[in-house]
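Yeah, the sequence shown ends on 78 if you go by my numbering, and it's all consecutive.
Idealized CB from N, CA, C, for every residue including glycine.
Just below is one structure, and these are the notes that go with it.
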Amino acid sequence: MAIFTSLLSLVAPLHCDVPYPWQIGFQDGATPTFEGIVELHDTIFFYLVVISFLV
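Below you can see the structure in the form of structure tokens.
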């Protein structure tokens with residue numbers, strides 16, 4: 024049982040941040056640069072939706 028627990032503790036972190044089917048958006052950013060990219064994407068997407076509804 025201890026061997027199984029040890030192996031499970033090695034494999035469990037692999038499933039912490041994986042993409043899901045039909046996922047919209049990015050995964051969590053690992054660096055501040057990528058978090059900035061995600062923030063820029065969200066801002067541009069917001070204005071794109073607003074413009075689409077107004078036109």
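Proximity of I60 and F49 at Cβ, strictly below 9 Å: yes
Under the three-state DSSP convention, the category A25 falls into: helix
Assigned secondary structure, F76 (DSSP; H/G/I helix, E/B strand, else coil): helix
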